[in-house]
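Colleague:
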Amino acid sequence: MALFDHKISELKQMLHRKEISVSDLVDESYKRIQEVDGKVEAFLTLDEERAREKAKQLDNEIGKKDTYGLLFGMPIGIKDNIVTKDLRTTCASKILENFDPIYDATVMRKLEEAEAITIGKLNMDEFAMGSSTETSAFKKTKNPWNLEAVPGGSSGGSAAAVSAGEVPFALGSDTGGSIRQPAAFCGVVGLKPTYGRVSRFGLVAFASSLDQIGPITRTVEDNAYLLQVISGLDPMDSTSANVEVPDYISALTGDIKGLKIAVPKEYLGEGVSRESREAVLAALKVLEGLGAEWEEVSLPHSKYGIATYYLLASSEASANLARFDGVRYGYRSDNAETLIDMYKQTRAEGFGNEVKRRIMLGTFALSSGYYDAYYKKAQQVRTLIKKDFEDVFEKYDVIIGPTTPTPAFKIGEKIDDPLTMYANDILTINVNLAGVPAISVPCGFANGLPLGLQIIGKHFDESTVYRVAHAYEQATDFHKQKPEL
Amino acid sequence: MSRISKEQVKHVAHLARLAITEEEAEMFTNQLDAIITFAEQLNELDTENVQPTSHVLDMKNVMREDQPEPGLPREVALKNAPDQKDGQFRVPAILE
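One line per chain: the protein sequences are A and B, in this order. Take the first sequence: its letter number 151 is residue 151 in the working numbering, and every next letter is one higher. Take the second sequence: its letter number 43 is residue 528 in the working numbering, and every next letter is one higher.
1) Could you check if A:T219 is buried or exposed, using at least 16 other CB atoms within 10 Å of its CB as the buried criterion?
2) From A:K18 to A:T45, what distance separates their C-alpha atoms?
3) Would you kindly report the start and end of the unbroken alpha helix (DSSP H) that includes A:Q57?
4) The beta strand (DSSP E) spanning A:T118 covers which residue range?
5) When the distance is taken between beta carbons, is A:S318 closer than 8 Å to A:G352?
6) Got a sec: is the Cβ-Cβ distance from B:D571 to anything in chain A below 8 Å?
7) Can a CB atom of chain B be found closer than 8 Å to the CB of A:T58?
8) Should A:S199 go down as buried or exposed, given a rule of 16 or more other Cβ atoms within 10 Å for buried?
9) If I measure Cβ to Cβ from A:E115 and keep anything under 7 Å in the same chain, skipping five residues before and after, which residues do I get?
10) Checking contacts by CB at 8 Å: is A:T420 closer than that to chain B?
11) Relative to the alpha-carbon of A:V26, which residue among A:V167, A:L485 and A:K85 has its alpha-carbon at the smallest distance?
12) With 16 as the cutoff for other CB atoms within 10 Å, does A:H459 come out buried or exposed?
13) Scan the segment 106-171 of chain A and note each continuous beta strand (DSSP E) run of 3 residues or more that stays entirely inside, going in chain order.
14) How about A:D100: is its C-beta nearer than 8 Å to some C-beta of chain C?
15) Name the residues in the segment 323-338 of chain A whose C-beta lies less than 8 Å from a C-beta of chain B; which are they?
16) Residues of the segment 225-247 of chain A in Cβ contact with chain B at a cutoff of 8 Å, in chain order, please.
17) Have a look at B:T522 and B:K564 and give me their C-alpha separation to the nearest angstrom.
18) Cβ of B:P577 within 8 Å of Cβ of A:E349?
19) What residues are listed by DSSP as bridge partners for A:F445?
20) Grab me the residues of B:L517's own chain with a C-beta within less than 6 Å of its C-beta, minus the 5 sequence neighbours each way, in chain order.
21) Chain B beta carbons: is any one of them nearer than 8 Å to that of A:T363?
22) Please specify which runs of the alpha helix (DSSP H), each continuous and at least 4 residues long, are wholly inside the segment 332-392 of chain A, giving them in chain order.
23) Classify A:A283 as helix, strand or coil using the three-state DSSP reduction.
24) Between A:R277, A:A322, A:G271 and A:D255, which has its C-alpha nearest A:G291's C-alpha?
25) Identify, in the order they occur along the chain, each residue of the same chain with its Cβ nearer than 6 Å to the Cβ of A:V465, setting aside the five sequence neighbours on each side.
26) Beta carbon of A:A170, beta carbon of A:I230: below 8 Å?
27) Beta-carbon of A:K356 versus every beta-carbon of chain B: anything under 8 Å?
28) On the DSSP bridge list, what partners appear for A:A567?
29) Taking the alpha-carbon positions, what's the A:N447 to A:K192 distance?
30) When the cut-off is 8 Å and only beta carbons count, does A:Y195 lie next to chain B?
31) Does DSSP put A:S315 in a helix, in a strand, or in coil?
32) From the DSSP secondary-structure annotation, give me the bridge partner or partners of A:K410.
33) If the cut-off is 9 Å on Cβ atoms, which residues from the segment 496-527 of chain B count as contacting chain A, listed in chain order?
34) Counting Cβ pairs, one atom from each stretch, are 3 or more of them under 8 Å apart for the segment 207-218 of chain A and the segment 176-193 of chain A?
35) So A:G202 contacts chain B; which residues on that side make the cut at Cβ distance below 9 Å?
36) By Cβ distance, which residues of its chain are closer than 6 Å to A:V22, with the 5 residues on each side in sequence left out?
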């Protein structure tokens, strides 16, 4: 059994019994990266020197303190759109190729307080725009289960690194499915928290009304540990919510008797593969066996989610990415004589095609004469989509469906057709529009590639989401299977 | 009928401060046209009396005490600057 097959709770006990050291954990991570990252290509930057130094420091503290951080000595990988002080943060974009942040994101400060150790920064779609990690300017991350398949995206590096055993857990970010979809494709657990649950301070903004940071882990229990650490109100993020953070770990009771599950017919219908549908129906049987009840419901505006999302997210992105102008940080083109030309050349040379496409779409949707027809219309449809969820949650505890319509697709298969790539997000996107929390847990395989079960909860009810996910996980062994690399 | 012309695409690129080549203008015209056409399915819905959602949480102006705090030291603020002079960001000519 590899060290990282143990849960955080087990690793912590092993540390306290001195069966292992923090340095062993950090060694294990870099050793595994050395072995497999040439194939998987999940990491963009390693922070090895500081990680080893920190490990030594923590090893010296074992047995000498009264209290230990919740993640004491645990190695973690960080998606490269979360700013890390003095550690290169690129968003997988040429425009930030040489960017070393001057401050830490709030989640990094919280991880530091919890005494976790940052191993390095993980690959992603450029500025988190993509569903396959293929839009990274630097490398193509592979799916550890099949090196010809994509790991999903945009947090593809985070999911692949956890799946490949390079780190026991990682942080990702989710704007339209970017944690859950790669978690499903790579056979790991990924949670998008309620909008406002986790501070976005220091998350490089893509679509500010949708973005959330969340954990990607091997098990639901580890996921709860990580969310416990990163959640909460932050004075640096006015959209972080002043809502008490419950004890997520104590929510993992295994008891789901009487739980009311809604299964939207739109999530098992047209466009969803037979394998995904069958895996979900089998999962519902498992949950029934544990005492839950399920009924079919309708989220009637589901099919409008993709159009709504791409208009809103691109509009927000076009404003957020205006800051990359070659003046204060990042890449600057040498091919310009005047200021305006410098902006234009810098952005033309610094951004990839998907990012440009979304900036263009967003600029168009917000431009004079089109605002009402596109941007405002999409905001109104967002209200209808949000209400679909509210209506269902009046009678049900959770909503369950597949995380993705199909298992991971081949590298190169969809990258040239934006609309086909966007369609892949149909089952995850509405969750962001409604702002509710959702998790993906492994629920089967198709042709050797993992499938994910999506469990969606009410606003700020991550506890129920975790309870259901944990009960399901304990009754199955999909999460125990590992790719051979 | 196409939803967006090549001329409009060039204008949008200018607004977004993106230099684009003739070929890119062509490509973006086709792709944006397809995306916008797809997005027009939203017109199937009657949203006459529907309030727009810009934010999912029910929160309004978030206030805090206005307390002075030290700002960034100049050298830190300039640390990632592509070009600087005399403690300031330097840019190409603004006026021709």
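Ideal Cβ placement from N, Cα and C applies to all residues, glycine included.
Modeller: In terms of the structure at hand:
1) Along the first sequence, one-based indexing puts residue 219 of chain A at 219. Looking at its Cβ environment, which holds 16 or more other Cβ atoms inside 10 Å, A:T219 is buried.
2) Looking up residue 18 of chain A in the first sequence gives position 18. Looking up residue 45 of chain A in the first sequence gives position 45. Using only the alpha carbons, I get a separation of about 30 Å.
3) Counting from 1 along the first sequence, the entry for residue 57 of chain A is found at position 57. Counting along the chain, the alpha helix (DSSP H) containing A:Q57 begins and ends at E48 to E61.
4) Here residue 118 of chain A corresponds to residue number 118 of the first sequence, with the count starting at 1. A:T118 -> beta strand (DSSP E) spans I117 to L122.
5) What you label residue 352 of chain A is simply residue 352 of the first sequence in a count that begins at 1. What you label residue 318 of chain A is simply residue 318 of the first sequence in a count that begins at 1. No, these two residues do not count as a Cβ contact at 8 Å.
6) Translated into positions along the second sequence, residue 571 of chain B becomes position 86. It does not; no Cβ of chain A falls within 8 Å.
7) Translated into positions along the first sequence, residue 58 of chain A becomes position 58. This sequence places Leu at residue 58 of chain A; Thr is not what is there. Not one chain B Cβ lies under 8 Å of A:L58.
8) Within the first sequence, residue 199 of chain A is the residue found at index 199, counting from 1. Result: buried.
9) Translated into positions along the first sequence, residue 115 of chain A becomes position 115. Cβ neighbours of A:E115 beyond the five flanking positions: L58, Y68, G69, L71, F72 and G73.
10) Here residue 420 of chain A refers to the residue found at position 420 of the first sequence. No - not a single Cβ of chain B is within 8 Å of the one on A:T420.
11) On the first sequence, position 26 is the one that residue 26 of chain A refers to. Checking every option, the nearest Cα to that of A:V26 belongs to A:V167.
12) Counting from one through the first sequence, the residue named residue 459 of chain A turns up at place 459. It counts as buried.
13) 117-122
14) The structure shown contains no chain C; its protein chains are A and B.
15) D325, G326, V327, R328, Y329, G330, Y331, R332, A336, E337 and T338
16) P235, S238, T239 and A241
17) As a working mapping, residue 522 of chain B is identified with position 37 in the second sequence. As a working mapping, residue 564 of chain B is identified with position 79 in the second sequence. Taking the straight line joining both Cα atoms gives about 44 Å.
18) Here residue 577 of chain B refers to the residue found at position 92 when the second sequence is read from its first residue. Here residue 349 of chain A refers to the residue found at position 349 when the first sequence is read from its first residue. Their beta carbons are not under 8 Å apart, which means B:P577 does not touch A:E349 by this criterion.
19) Residue mapping note: residue 445 of chain A aligns to position 445 of the first sequence, counting from 1. Answer is A:P450.
20) For the purposes of this step, residue 517 of chain B is taken as the residue at position 32 of the second sequence. Closer than 6 Å at the Cβ level, and outside the excluded window around B:L517, lie I489.
21) Counted from its first residue, the first sequence places residue 363 of chain A at position 363. Judged by the 8 Å Cβ criterion, A:T363 is in contact with chain B.
22) 339-350 and 353-366
23) Within the first sequence, residue 283 of chain A is the residue found at index 283, counting from 1. Looking at A:A283 - three-state DSSP - the assignment turns out to be helix.
24) Sequence index remark: in the first sequence, residue 291 of chain A carries index 291 (1-based). Here the closest residue by C-alpha is A:D255.
25) Position 465 of the first sequence holds residue 465 of chain A. Correct list, in chain order: P437, I439, I455 and G457.
26) The residue labelled residue 170 of chain A in the question sits at position 170 within the first sequence. The residue labelled residue 230 of chain A in the question sits at position 230 within the first sequence. No, these two residues do not count as a Cβ contact at 8 Å.
27) Locating residue 356 of chain A in the first sequence gives position 356, where the first residue counts as 1. Closer than 8 Å: yes.
28) Outside the shown range of chain A (1 to 485) lies residue 567 of chain A, about which nothing can therefore be said.
29) The residue labelled residue 447 of chain A in the question sits at position 447 within the first sequence. The residue labelled residue 192 of chain A in the question sits at position 192 within the first sequence. Rounded to whole angstroms, A:N447 to A:K192 spans 27 Å at the Cα level.
30) Position 195 of the first sequence, counting from 1, holds the residue named residue 195 of chain A. So yes, A:Y195 belongs to the interface.
31) As a first step, residue 315 of chain A must be located in the first sequence, where it is residue number 315. Three-state DSSP puts A:S315 in a helix.
32) Reading the first sequence from its first residue, position 410 is the one you call residue 410 of chain A. Per DSSP, A:A149.
33) H496, V497, A498, H499, L500, A501, R502, L503, A504, I505, T506, E509, M512, F513, Q516, L517, A519, I520, I521, F523, A524, E525, Q526 and L527
34) yes
35) Reading the first sequence from its first residue, position 202 is the one you call residue 202 of chain A. Those do not exist, as A:G202 stays about 15 Å from chain B at its closest Cβ, beyond 9 Å.
36) The residue labelled residue 22 of chain A in the question sits at position 22 within the first sequence. Answer for A:V22: A55, L58, D59 and G73, listed in chain order.
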